[in-house]
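Comments concern the structure below.
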Amino acid sequence: MTAQLTLAHYMTVAGLLFLIGIFGALTRRNIIGILMSIELMFNAANINLAAFDRFLHPGGVTGQALALFVMTVAAAEIVVGLALLLAIYRGTDTVYAEDFNLLKG
Amino acid sequence: MIDQIVFYSLALVTLGSALAVVLHRNTVHSSLFLGLCLAGVAGLYASLGADFLFGAQIMVYVSGIAVLVMFVVMLLGRASDLHLRQVNERWMAAVLVCGVASVGLLRVARLHSATVATGATRPGTHEIGRLFLGEWLVPFELISLVLLAALLGAVFFTRTENAQ
Numbered sequence: 003m004t005a006q007l008t009l010a011h012y013m014t015v016a017g018l019l020f021l022i023g024i025f026g027a028l029t030r031r032n033i034i035g036i037l038m039s040i041e042l043m044f045n046a047a048n049i050n051l052a053a054f055d056r057f058l059h060p061g062g063v064t065g066q067a068l069a070l071f072v073m074t075v076a077a078a079e080i081v082v083g084l085a086l087l088l089a090i091y092r093g094t095d096t097v098y099a100e101d102f103n104l105l106k107g
Numbered sequence: 154m155i156d157q158i159v160f161y162s163l164a165l166v167t168l169g170s171a172l173a174v175v176l177h178r179n180t181v182h183s184s185l186f187l188g189l190c191l192a193g194v195a196g197l198y199a200s201l202g203a204d205f206l207f208g209a210q211i212m213v214y215v216s217g218i219a220v221l222v223m224f225v226v227m228l229l230g231r232a233s234d235l236h237l238r239q240v241n242e243r244w245m246a247a248v249l250v251c252g253v254a255s256v257g258l259l260r261v262a263r264l265h266s267a268t269v270a271t272g273a274t275r276p277g278t279h280e281i282g283r284l285f286l287g288e289w290l291v292p293f294e295l296i297s298l299v300l301l302a303a304l305l306g307a308v309f310f311t312r313t314e315n316a317q
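Line by line, the protein sequences are chains A and B.
Counting in this note's numbering, the first sequence runs from 3 upward without gaps.
Counting in this note's numbering, the second sequence runs from 154 upward without gaps.
Following this line, the structure appears as structure tokens:
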């Protein structure tokens with residue numbers, strides 16, 4: 003009765019993770035929450051890359067290598083994002099996105 | 154059979170904790186669930202036979218990024234934040250965006266509902282090393298420059314004399 007695992011299973015999980023990430027990035031008020039949601043989206047893309055390697059190119063590693071690049075860029079992104087957040091917090095004393103209106107005329 | 158059990162339990166852990174990351178009011182709990190979600194993704198890599206990616210995910214994400222996020226949450230958190238609403242008033246629009254995107258994503262996923270894995274998984278670390286130090290040498294060196302720039306940027310932005 004149990005069907006075999008297909009590429010669609012992994013793509014569905016990755017797609018759902020990506021949608022959860024989009025929802026979080028659009029609705030969280032806290033900047034840290036938005037950064038965490040962006041990490042979820044990066045991970046969804048990485049699951050897809052690893053799954054394409056396994057199902058479409060058996061024995062290949064190109065997708066895994068690409069996923070490692072994505073991981074590196076994500077690490078750099080979160081480090082700079084959190085550093086910016088610390089700098090903004092010192093000036094405005096808030097972590098909520100709707101309060102960052104210094105450039106508003 | 155065992156494959157299905159592993160996959161579905163990992164998917165449940167990953168998606169459940171991802172939902173908790175997005176919906177939890179308490180940001181500290183949110184960041185703890187982020188660590189669990191990233192560990193679930195690492196398990197999915199292991200189930201795909203991506204051994205080096207599994208190790209890198211544990212080392213970079215679970216023990217690096219999740220801890221860093223937790224650190225900043227505790228640095229910036231205040232007790233009054235625990236009672237505040239963490240979701241803005243435009244969540245209906247966000248649900249609509251997700252609904253529209255899900256149609257496309259699931260339609261693409263359904264195209265591959267007959268693609269099954271062939272052959273056994275084998276370790277890929279050796280091939281990844283060959284790829285990085287051979288064909289992809291230039292991107293590999295460039296990504297280290299990106300990391301260096303991120304390091305310098307983080308130090309620059311968090312210097313205290315920059316705060317005024």
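For glycine and all other residues, C-beta sits at the position ideal for the given N, C-alpha and C.
Of the listed residues the options, nearest to residue i (C-alpha basis)
{"i": "Val299/B", "options": "Phe102/A, Leu87/A, Val72/A", "result": "Val72/A"}
{"i": "Ile281/B", "options": "Ala77/A, Leu86/A, Thr64/A", "result": "Thr64/A"}
{"i": "Phe305/B", "options": "Gly17/A, Tyr12/A, Leu86/A", "result": "At residue 305/B the sequence reads Leu, which differs from the Phe that was named. Selected option, being the one with the closest Cα: Leu86/A."}
{"i": "Trp244/B", "options": "Arg30/A, Ala89/A, Ala69/A", "result": "Arg30/A"}
{"i": "Phe20/A", "options": "Ile155/B, Gly188/B, Val194/B, Ser183/B", "result": "Val194/B"}
{"i": "Tyr198/B", "options": "Val15/A, Lys106/A, Asn103/A, Leu28/A", "result": "Val15/A"}
{"i": "Gly252/B", "options": "Leu104/A, Leu88/A, Leu18/A", "result": "Leu18/A"}
{"i": "Pro60/A", "options": "Arg178/B, Gly257/B, Thr274/B, Arg312/B", "result": "Thr274/B"}
{"i": "Arg283/B", "options": "Leu51/A, Ala67/A, Gly35/A, Asn32/A", "result": "Ala67/A"}
{"i": "Ala262/B", "options": "Ala5/A, Asn32/A, Ala53/A", "result": "Ala53/A"}
{"i": "Val225/B", "options": "Phe102/A, Asn103/A, Ile90/A", "result": "Ile90/A"}
{"i": "Thr313/B", "options": "Asn103/A, Arg92/A, Ile80/A, Ile49/A", "result": "Arg92/A"}
{"i": "Val215/B", "options": "Arg56/A, Leu58/A, Asn45/A", "result": "Asn45/A"}
{"i": "Ala247/B", "options": "Leu70/A, Gln6/A, Leu28/A, Ala5/A", "result": "Leu28/A"}
{"i": "Arg231/B", "options": "Tyr98/A, Leu51/A, Leu37/A, Ala5/A", "result": "Tyr98/A"}
Three-state secondary structure (DSSP) of residue i
{"i": "Arg275/B", "result": "coil"}
{"i": "Gly243/B", "result": "Looking at the sequence provided, one finds Arg at residue 243/B rather than Gly. In this structure, Arg243/B counts as coil in the three-state DSSP scheme."}
{"i": "Thr8/A", "result": "strand"}
{"i": "Asn32/A", "result": "strand"}
{"i": "Val269/B", "result": "strand"}
{"i": "Met130/B", "result": "An answer regarding residue 130/B cannot be provided, because it is not within the stretch 154 to 317 covered by chain B."}
{"i": "Phe25/A", "result": "helix"}
{"i": "Met3/A", "result": "Since pLDDT at Met3/A reaches only 40, below the 50 mark, its modelled position is unreliable, and no value is offered."}
{"i": "Gly169/B", "result": "helix"}
{"i": "Gly287/B", "result": "coil"}
{"i": "Phe160/B", "result": "helix"}
{"i": "Leu298/B", "result": "helix"}
Any chain B beta carbon closer than 7 Å to residue i
{"i": "Met3/A", "result": "Note that Met3/A has pLDDT 40, beneath the 50 cutoff, so the model's placement of it is unreliable and no number is given."}
{"i": "Thr74/A", "result": "yes"}
{"i": "Phe44/A", "result": "no"}
{"i": "Leu28/A", "result": "yes"}
{"i": "Phe57/A", "result": "yes"}
{"i": "Gly17/A", "result": "yes"}
{"i": "Phe102/A", "result": "no"}
{"i": "Phe25/A", "result": "yes"}
{"i": "Asn32/A", "result": "yes"}
{"i": "Thr94/A", "result": "no"}
{"i": "Leu105/A", "result": "no"}
Chain A contact for residue i (CB, 7 Å cutoff)
{"i": "Asn241/B", "result": "yes"}
{"i": "His265/B", "result": "yes"}
{"i": "Ala203/B", "result": "yes"}
{"i": "Ser170/B", "result": "no"}
{"i": "Gly193/B", "result": "no"}
{"i": "Ile281/B", "result": "yes"}
Exercise. Which runs of the alpha helix (DSSP H) fall wholly inside the segment 177–239 of chain B and span at least 4 residues, in chain order?
Worked result: 180–200, 204–209, 219–229
Exercise. Per the contact definition of three or more C-beta pairs closer than 8 Å, is the segment 11–30 of chain A in contact with the segment 270–277 of chain B?
Worked result: no
For this session: For the segment 283–297 of chain B and the segment 31–41 of chain A, state whether three or more C-beta atom pairs, one from each stretch, are separated by less than 8 Å.
Result: no
Exercise. Can at least three beta-carbon pairs, one atom from the segment 201–220 of chain B and one from the segment 161–174 of chain B, be found at a separation below 8 Å?
Worked result: no
For this session: Counting only runs of 4+ residues fully inside the segment 39–97 of chain A, write out the alpha helix (DSSP H) ranges in chain order.
Result: 64–94
Problem set entry | At least 3 beta-carbon pairs within less than 8 Å: the segment 7–14 of chain A vs the segment 154–166 of chain B | yes
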